[in-house]
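Heads up: the structure comes next, in structure tokens.
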Amino acid sequence: MEDERIEKIRNIYQRTKDIGRQITQEREKSYQLSDSSEDDYPEGIENRRPDKSNKHIRDWDDHDMNMDKIDRSTDEEGLHFEDLKQSLLEKDTQLLKVRSKNENILNQYKEAHEELEQCHEQIARQASIIHEQNYKLEEASKRIHDASHSHSQLMQRSKINVTSFQNELEQKEEEVVRLRDQLNISEERARAACVEIQQDKERIEDLAKEIKYKEEEISRMKHKCEQHEAKIDELMVNKKSDSTHLIEMDYLKEDKRRLLAMLKSTKEFKEFAEFADDSGGNLRFLQAEEPDIAPSKKKRGTSAKQMYSPGSRISPENEKENWIPEEAYQLAHEVRYQTSGEISPQLMNKLLTSLNKIWRIREKQNELRIKSKYTSEIEKLKRERNMKGQYDGVQAKKSLARTRAQLKKAEEKLRQYTEKLKKTKNLPSGMDVIDEALMIVAASQEEKRKLMEENDNLRNQVYELEEVKKNNDYEKTKFMEGANWMCTKVIKEKEKYDERDLELFKEFDHRVIGCEHDPSLAIRTVKWLKEALEVSGLEFDEVLGSLQDSAQYNMEEAMRRVQKVFSDFEPNILSLSQDTTPVPQSSISKSLA
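In my numbering, the protein residues as written are 55 to 647.
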């Protein structure tokens with residue numbers, strides 16, 4: 055058992071050395087790459103060269119080139135494009151400010167590294183405490199050596215403890231029974247856990263079936279909606295009289311409420327139904343003059359407009375922008391009537407749709423901000439729950455393995471005692487005492503040999519630990535391992551937010567295409583990009599804070615475990631120095647007589 059523990063310690067030490075060597079190699083490679091990248095580009099903002107690997111800056115350069123071409127081709131609208139270009143340059147400077155903010159975040163990350171180094175210094179102080187414990191171990195080995203010399207004297211006083219052996223045997227039997235009961239209880243718990251796992255699997259299958267049923271129900275609802283739309287069109291075409299028109303309007307309102315209720319039950323149009331409920335159920339659809347068509351379906355000439363039809367696929371986002379609350383529609387047209395009809399209905403409808411788009415963008419940003427806040431909190435709680443569950447499972451497995459080992463040892467001792475009792479019954483009078491004395495002497499010699507071997511092994515371990523402490527390999531390995539783990543986490547999170555930024559820039563490029571003749575729309579698009587980037591930066595700050603809190607929690611938990619191991623290790627050494635097997639005195643006296 056002791057040899058296996060020593061072999062495990064050596065394997066762990068060898069693995070830590072290999073990991074440290076790999077980390078140093080990776081770090082040298084990263085330094086070489088960073089040096090080469092810094093030599094390629096000069097410093098400064100005016101003379102900087104755009105990074106060809108950064109797609110955001112490439113897109114901005116392509117956009118500037120396109121704007122220059124348009125400026126040369128159009129003289130009448132040149133002033134508007136110059137203003138737009140100036141605003142885009144201002145937004146570029148704002149992007150540089152955001153990047154400087156990211157550099158500040160990296161500086162904060164370096165400060166966190168310095169705090170981590172201080173924690174490693176605390177671990178080094180704990181290593182000095184380990185050295186003191188090893189010194190105590192040497193003193194314990196000396197006491198064991200003194201105890202081996204006094205063992206001959208203890209053999210003469212061992213006769214009195216024969217009854218104690220019998221009592222101890224009874225206690226061991228009771229302990230064996232108790233351990234068996236505990237083993238049965240643990241097996242029952244394991245079986246119960248298996249049953250729960252099976253029930254969870256069945257529950258998952260039921261949920262999958264229910265999801266499939268819901269999808270079929272959604273398709274049926276969509277079909278019903280199409281049928282109702284066809285009926286509504288027929289009713290609108292076949293108007294008869296004013297009375298029938300009012301009745302039909304009542305029916306249509308009722309159908310509208312029912313359709314909104316059905317839409318709320320679907321996943322795709324649930325948000326649109328909630329939007330309609332927030333507006334009181336009174337909405338009006340304003341058809342756009344040039345409906346949005348997918349880029350893959352656009353063609354040159356007049357055929358592009360013919361490809362859009364009322365039966366085309368409806369997008370929930372576009373529907374929200376085209377549906378206007380009835381109160382806003384009535385108020386806008388009352389204003390138009392008050393101005394003696396100077397504003398055309400088409401222009402008023404266009405104004406309403408533009409205002410609706412602006413308010414929808416603002417609502418989306420607010421929703422994203424709230425959603426990011428709550429998702430970060432949920433991720434933090436999930437990490438804490440997973441860490442706690444894994445630690446409890448490992449502790450339960452260790453306790454179960456410990457109880458099984460104790461049960462095995464107790465059964466082995468019980469078997470030895472029963473064999474010993476059987477032998478003593480068959481021997482003649484006097485021989486049982488001699489046999490018992492010889493067995494006790496042999497046991498004491500075997501125990502002495504084991505103690506000497508354990509003492510040598512412990513000395514070798516102390517020597518190896520002193521060598522490791524001199525070279526500071528263990529502290530360096532722990533530091534590099536923690537730094538590598540933290541860097542990996544930060545890089546993964548940074549890659550996620552880079553992908554999100556790429557998607558934002560792609561959407562920005564798509565929106566800018568239609569802003570050539572509308573500078574106000576271009577300014578609103580740039581403001582939208584700015585707000586989205588600010589939200590992304592705030593979310594990244596929250597993720598870094600949660601990572602720092604998690605690292606601090608893991609470090610404190612590791613320190614508590616190390617202190618617990620050393621607090622358990624010292625009494626075991628003291629009990630080992632005081633644990634000597636008593637030898638019955640009467641058996642030796644009878645054998646000598």
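The beta carbon of each residue, even a glycine, is placed where N, CA and C say it ideally should be.
query                                                                                                                                                                          : result
DSSP three-state call for Ile397: helix, strand or coil?                                                                                                                       : coil
In the structure shown, what three-state DSSP assignment does Phe326 receive?                                                                                                  : helix
Would you tell me roughly how many angstroms separate the C-alpha atoms of Asn514 and Ile183, rounded to the nearest one?                                                      : 18 Å
Is His571 helix, strand or coil when you go by DSSP?                                                                                                                           : coil
Leaving aside the five residues before and after Lys287 along the sequence, list all residues of the same chain whose C-beta is less than 7 Å from its C-beta, in chain order. : Note on identity: in this sequence residue 287 is Asp, with Lys being the wrong assignment. Hits under 7 Å: none found.
When DSSP labels each residue in this structure, what does Lys411 get in the three-state scheme?                                                                               : helix
Just confirm the distance between the C-beta atoms of Leu592 and Val152, as a whole number of angstroms; I'd bet it's less than 8 Å.                                           : In fact, because the Cβ distance is near 11 Å, the residues do not count as touching under 8 Å.
Using 8 Å as the threshold, is the segment 459-471 in touch with the segment 225-233, meaning 3 or more CB pairs across them?                                                  : yes
Would Thr320 be called buried (16 or more neighbouring beta carbons within 10 Å of its own) or exposed?                                                                        : buried
Excluding the 5 residues preceding and the 5 following Ala605 in the sequence, name in chain order all residues of the same chain whose CB lies nearer than 7 Å to its CB.     : Met540
Buried or exposed for Trp413, please, with buried defined as at least 16 other CB atoms from any protein chain shown within 10 angstroms of its CB.                            : exposed
How close, in whole Å, do the beta carbons of Ser600 and Lys434 come, if the pair is a contact with beta carbons under 8 Å?                                                    : 5 Å
On the three-pair Cβ rule with 8 Å, is the segment 375-392 touching the segment 401-421?                                                                                       : yes
Tell whether a beta-carbon distance below 8 Å holds between Val580 and Ser141.                                                                                                 : yes
Between Asn188 and Glu508, what straight-line distance do the alpha-carbon atoms span, to the nearest angstrom?                                                                : 14 Å
Can you tell me which of His571, Phe594, Thr393, Leu583 puts its alpha carbon nearest to the alpha carbon of Ile545?                                                           : Phe594
Counting Cβ pairs closer than 8 Å, one from the segment 269-289 and one from the segment 306-325, do we hit at least three?                                                    : yes
To the nearest angstrom, how far is it from the Cα of Glu222 to the Cα of Asn215?                                                                                              : 10 Å
Can you list, in chain order, the residues of its chain whose CB lies under 6 Å from that of Glu585, leaving out five sequence neighbours each side?                           : Gln419
Given this structure, state the Cα-to-Cα distance separating Tyr391 from Met402, to the nearest angstrom.                                                                      : 11 Å
Measuring only the C-alpha atoms, how far is Lys451 from Ile251?                                                                                                               : 18 Å
Within 10 angstroms of the Cβ of Lys145, are there 16 or more other Cβ atoms? Answer buried if so, exposed if not.                                                             : buried
According to the neighbour-count rule (16 or more other Cβ atoms, all chains shown, within 10 Å of its Cβ), is Asp555 buried or exposed?                                       : buried
Just to confirm my understanding: we take Ile577, look at its own chain, exclude 5 residues before and 5 after, and list those with CB closer than 7 Å. What are they?         : Ser141
Cα-Cα, which of His571, Glu61, Lys266, Lys155 is closest to Ser590?                                                                                                            : Lys155
What do you get for Leu150, buried or exposed, if any count of 16 or more other CB atoms within 10 angstroms of its CB means buried?                                           : exposed
With a threshold of 16 other CB atoms inside 10 Å of the CB of Glu143, please say whether the residue is buried or exposed.                                                    : The displayed chain sequence assigns Leu, not Glu, to residue 143. That one is exposed.
Return the chain-ordered list of same chain residues with a C-beta closer than 6 Å to the C-beta of Arg423, the five sequence neighbours on each side being excluded.          : Val589
Apply the 10 Å Cβ neighbour rule to Cys173 and answer buried if 16 or more other Cβ atoms are within range, or exposed otherwise.                                              : buried
Among Thr429, Arg458, Ala178, whose alpha-carbon lies nearest the alpha-carbon of Leu237?                                                                                      : Arg458
Does the Cβ-Cβ distance between Ile378 and Leu406 come in under 8 Å?                                                                                                           : yes
What three-state label does DSSP hand Ser604 in the structure shown?                                                                                                           : helix
Is the beta carbon of Leu461 sitting closer than 8 Å to the one on Arg234?                                                                                                     : yes
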